[in-house]
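Asker:
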Amino acid sequence: MQELGVISTISLSWFLTLFLSVMPFDSAVLLVDCFFYEGIKVIFQVALAVLHANMDTLLDCNDEGEAMTILGRYLDNVVNKETVSPPIPHLHALLTSGDEPPPQIDVFQLIKSSCDKFGSLRADVIEQMRFHQRLKVIQSLEDTAKRSVVSSYVKEAVV
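Using the working numbering, the letters of the sequence shown correspond one by one to residues 44 to 202.
#1: How big is the Cα-Cα spacing for Leu63 and Ala71?
#2: For the alpha helix (DSSP H) that contains Lys189, what are its first and last residues?
#3: With DSSP as the reference, label Val65 as helix, strand or coil.
#4: Name the DSSP beta bridge partners of Asp149, please?
#5: If you draw a straight line from the C-alpha of Ala166 to the C-alpha of Asp103, how long is it?
#6: Is the beta carbon of Ile113 sitting closer than 7 Å to the one on Asn97?
#7: Val75 and Leu61 - do their beta-carbons sit closer together than 7 Å?
#8: Is it buried or exposed for Lys198, if we count other Cβ within 10 angstroms and need 16 for buried?
#9: Roughly how many whole angstroms lie between the Cα atoms of Tyr117 and Glu185?
#10: Within a Cβ cutoff of 8 Å, which residues of the same chain sit near Ser56, ignoring the five residues on either side of it in sequence?
#11: Do Leu22 and Gln88 have their C-beta atoms closer together than 7 Å?
Here's what the structure looks like:
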């Protein structure tokens with residue numbers, strides 16, 4: 044999955060939008076409620092549960108686009124069976140509508156499954172990992188800025 048770049052791609056939209064951009068609204072709102080009650084660990088647990096549920100299919104993917112389509116179609120079918128409003132499909136569901144749709148996943152079952160499988164995940168461990176990655180990102184940004192300055196200086200010196 045790291046070779047395909049899927050981890051970095053999903054982490055951006057899933058974590059920044061708390062699943063609101065990739066899941067039917069009524070389902071995503073329940074996750075936001077859980078986030079307000081339990082904190083960031085719920086989002087990580089659900090993300091891990093989604094990856095776990097699609098693990099075999101994802102391991103057979105040849106490229107990032109194929110993996111993102113699989114995950115997008117899965118998340119489009121996470122439904123809140125207790126809602127009265129009809130779900131609004133996302134763009135990836137409309138683009139792949141010729142295929143047989145995957146089965147619907149009840150959002151309550153997804154949340155329960157994420158707690159059962161990944162409930163041992165602790166918020167303090169997540170914070171430690173985020174801090175560690177933040178340092179890597181800052182270092183990478185500094186290195187890029189240094190290379191940019193050197194590159195522009197060399198170009199000016201040549202002209």
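Think of the CB as a built atom: it goes at the ideal place given N, C-alpha and C, for glycine as much as any other residue. If you're wondering where the values come from, they're calculated on a predicted model, not measured in any experiment.
Answerer: Quick answer:
#1: In the sequence shown, counting from the first residue as 1, residue 63 sits at position 20. In the sequence shown, counting from the first residue as 1, residue 71 sits at position 28. Answer to the nearest angstrom: the Cα atoms are 5 Å apart.
#2: Here the question's residue 189 lines up with position 146 in the sequence shown. 166 to 201 is the extent of the alpha helix (DSSP H) around Lys189.
#3: Reading the sequence shown from its first residue, position 22 is the one you call residue 65. Here Val65 sits in coil by DSSP.
#4: Walking along the sequence shown from the start, residue 149 turns up at place 106. Answer by DSSP bridge pairing, in chain order: Val122.
#5: On the sequence shown, residue 166 is found 123 positions in, with the first residue counted as 1. On the sequence shown, residue 103 is found 60 positions in, with the first residue counted as 1. Roughly 32 Å between the two C-alpha positions.
#6: In the sequence shown, residue 113 corresponds to position 70, counting from 1. In the sequence shown, residue 97 corresponds to position 54, counting from 1. Cβ distance < 7 Å, so Ile113 and Asn97 count as in contact.
#7: Position 18 of the sequence shown, counted from the start, is the residue given in the question as residue 61. Position 32 of the sequence shown, counted from the start, is the residue given in the question as residue 75. Their beta carbons are under 7 Å apart, which means Leu61 touches Val75 by this criterion.
#8: To locate residue 198, count along the sequence shown from 1; it is residue 155. Classification of Lys198: exposed, given that the 10 Å Cβ count is below 16.
#9: One-based indexing of the sequence shown puts residue 117 at position 74. One-based indexing of the sequence shown puts residue 185 at position 142. Going by the C-alpha atoms only, they are around 38 Å apart.
#10: Numbered from its first residue, the sequence shown carries residue 56 at position 13. So the qualifying residues of the chain are Ser64, Val65.
#11: In the structure as shown, the chain starts at 44 and stops at 202, and residue 22 therefore has no counterpart that could be examined.
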